[in-house]
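Accompanying notes for the structure given below.
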Ligand SMILES: CC(C)(COP(=O)(O)OP(=O)(O)OC[C@H]1O[C@@H](n2cnc3c(N)ncnc32)[C@H](O)[C@@H]1OP(=O)(O)O)[C@@H](O)C(=O)NCCC(=O)NCCS
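Numbering (full-length UniProt numbering), first residue to last: 1 to 169.
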């Protein structure tokens with residue numbers, strides 16, 4: 001099947017489908033729809049959806065400015081974004097299983113990198129779960145060399161979670 005899915009800016013109306021996809025893929029890491037809605041409301045510029053020609057949603061990404069160090073908690077409201085961000089956090093990049101392993105997620109990563117560079121932070125961070133670490137390594141991320149951050153990542157998700165970062169300087 002040819003790749004005709006494309007990434008575009010997320011719209012508020014996408015969130016029910018994004019929530020449904022999130023619940024289906026991240027069975028072990030549930031998040032309330034209101035928590036996803038808050039991320040979109042706080043930083044829509046960092047939110048994207050992967051859509052097919054029929055308009056159906058097959059992927060999404062939430063990302064936002066953040067502080068270097070401990071990642072935000074799962075299924076928890078951010079309340080506000082830092083006034084002086086020192087990092088950029090990719091909360092989640094997820095594709096429908098039918099779209100995985102077709103190099104589609106990687107097409108969005110340069111856009112995220114440009115957004116992070118635009119707010120002049122020195123790094124992008126994320127927590128890799130569900131065996132996605134090799135994908136993120138190909139995207140230029142490396143395992144963060146900080147046992148406390150690795151422990152925080154495992155507390156946030158589970159034993160498989162790996163805190164990763166990519167320097168922008
Ligand atoms: C991880 C993910 C975003 C990668 O996107 P993608 O477009 O499928 O990535 P690519 O096609 O460029 O590369 C696929 C590679 O990602 C890694 N990967 C990890 N988990 C994967 C999964 N469930 N499905 C597909 N690839 C996965 C593998 O290294 C895979 O390489 P392989 O096919 O040689 O094993 C996507 O597979 C996905 O949505 N996975 C489920 C949700 C998830 O874990 N998101 C990451 C949250 S941090």
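Every residue gets a Cβ at the ideal spot worked out from N, C-alpha and C, and that includes glycine.
Exercise for review: Answer with buried or exposed for residue 156, where buried requires no fewer than 16 other C-beta atoms within 10 angstroms of its C-beta.
Suggested key: Position 156 of the chain shown, counted from the first residue, corresponds to residue 156. Buried, since its Cβ has 16 or more Cβ neighbours within 10 Å.
Review point. Where does residue 9 fall in DSSP's three states?
Key: The sequence position of residue 9 within the chain shown is 9, counting from 1. When secondary structure is reduced to three states using DSSP, residue 9 falls in the strand class.
Point to revise | residue 164 - containing beta strand (DSSP E), residue span | key: On the chain shown, position 164 is the one that residue 164 refers to. Note, residue 164: beta strand (DSSP E), 162-167.
Exercise for review: Identify whether residue 127 lies in helix, strand or coil by the three-state DSSP scheme.
Suggested key: The sequence position of residue 127 within the chain shown is 127, counting from 1. Strand, per DSSP.
Practice item. Please name the residue or residues paired with residue 59 in a DSSP beta bridge. Key: Reading the chain shown from its first residue, position 59 is the one you call residue 59. The bridge partners DSSP lists for residue 59 are 50, 95.
Exercise for review: Check whether the Cβ of residue 92 lies closer than 7 Å to any heavy atom of ligand 1, and answer yes or no.
Suggested key: Counting from one through the chain shown, the residue named residue 92 turns up at place 92. At least one heavy atom of ligand 1 is nearer than 7 Å to the Cβ of residue 92, so yes.
**Study point:** Beta-carbon spacing of residue 153, residue 127 below 8 Å
**Key:** Indexing the chain shown from 1 puts residue 153 at position 153. Indexing the chain shown from 1 puts residue 127 at position 127. Yes. Within cutoff.
Review point. Sorted by chain position, which residues of the same chain lie with C-beta nearer than 8 Å to residue 206's C-beta, five sequence neighbours on each side aside?
Key: This structure does not reach residue 206, given that the chain is present from 1 up to 169, and the question cannot be answered.
**Study point:** Proximity below 8 Å, CB of residue 50 to CB of residue 64
**Key:** Here residue 50 refers to the residue found at position 50 when the chain shown is read from its first residue. Here residue 64 refers to the residue found at position 64 when the chain shown is read from its first residue. The answer is no: Cβ separation not under 8 Å.
Practice item. Return the CA-CA distance between residue 138 and residue 20, expressed in angstroms with no decimal places. Key: To locate residue 138, count along the chain shown from 1; it is residue 138. To locate residue 20, count along the chain shown from 1; it is residue 20. Straight-line Cα distance between these residues: approximately 28 Å.
Exercise for review: Under 6 Å Cβ to Cβ from residue 98, same chain only, skipping five residues before and after it: list those, please.
Suggested key: Reading the chain shown from its first residue, position 98 is the one you call residue 98. Contacts found: none.
Check your understanding: What's the gap between the Cα of residue 115 and the Cα of residue 86?
Key -> Walking along the chain shown from the start, residue 115 turns up at place 115. Walking along the chain shown from the start, residue 86 turns up at place 86. Each residue's Cα considered, the two are about 13 Å apart.
Review point. At what residues does the alpha helix (DSSP H) containing residue 40 begin and finish?
Key: Position 40 of the chain shown, counted from the first residue, corresponds to residue 40. Run containing residue 40: 33-42, per the alpha helix (DSSP H) assignment.
Practice item. Quick one: using the 10 Å Cβ neighbour count with 16 as the cut-off for buried, is residue 9 buried or exposed? Key: Position 9 of the chain shown, counting from 1, holds the residue named residue 9. Residue 9 is exposed by the Cβ-count criterion.
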